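Peer 1: When we follow my numbering, the leftmost residue of the sequence shown carries the number 1, and every step to the right adds one. Even glycine gets a Cβ: it sits at the ideal position worked out from N, Cα and C. This structure is a prediction, so every number in the text was calculated from the model and none was measured. Here you go, one structure.
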Amino acid sequence: MRVPVNIEAEIISYSVSYPAIIRNISEYGIHAKIANNEALIFSKSETVVDLKFRLPSGDTISLFCRKKWAFKNSSNSYIENVGIEIIDPPDEYKNFFRVISHNKPADC
């Protein structure tokens, strides 16, 4: 089950940080959008990345992840869609997902 969200995040790969917006989440995956005017360093799939974002409690969570796919809507787009697999999600993320998935609107 995927839950739509709109969460500001940071994706870090090869010591480079990219601002991102998380668009939806699942227990083991995240779809994010990254706006960048340069080519992303982690262009290969299966690249390991760290993803950080703030939980509603105010705590920051850091997830160890693997990029599974990426695409742009057009070749000259500055927005890249990225599918990220969460490797061994910590309990705080699992609890966050459990709460948010039970509070989702009925039409999702």
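Excluding sequence positions up to five away, which residues of its chain have a Cβ less than 6 Å from the Cβ of residue 35?
Peer 2: So the qualifying residues of the chain are 78, 79.
Peer 1: For the alpha helix (DSSP H) that residue 100 lies in, which residues bound it at each end?
Peer 2: 91 to 102 is the extent of the alpha helix (DSSP H) around residue 100.
Peer 1: Of all the options 24, 83, 52, 71, which has the alpha carbon lying nearest to the alpha carbon of residue 92?
Peer 2: Comparing Cα positions, the closest option is 52.
Peer 1: Over what stretch of residues does the beta strand (DSSP E) that includes residue 60 continue unbroken?
Peer 2: 60 to 72 is the span of the beta strand (DSSP E), which, as asked, contains residue 60.
Peer 1: Look at the alpha carbon of residue 5 and the alpha carbon of residue 99, and state the distance between them as a whole number of angstroms.
Peer 2: Each residue's alpha carbon lies about 13 Å from the other.
Peer 1: My understanding is that residue 7 touches residue 50, with C-beta atoms under 8 Å, so please give their C-beta distance in whole angstroms.
Peer 2: Residue 7 to residue 50, Cβ: 15 Å. No contact.
Peer 1: Return the bridge partner residues of residue 27 from the DSSP annotation.
Peer 2: Per DSSP, none; premise fails for residue 27.
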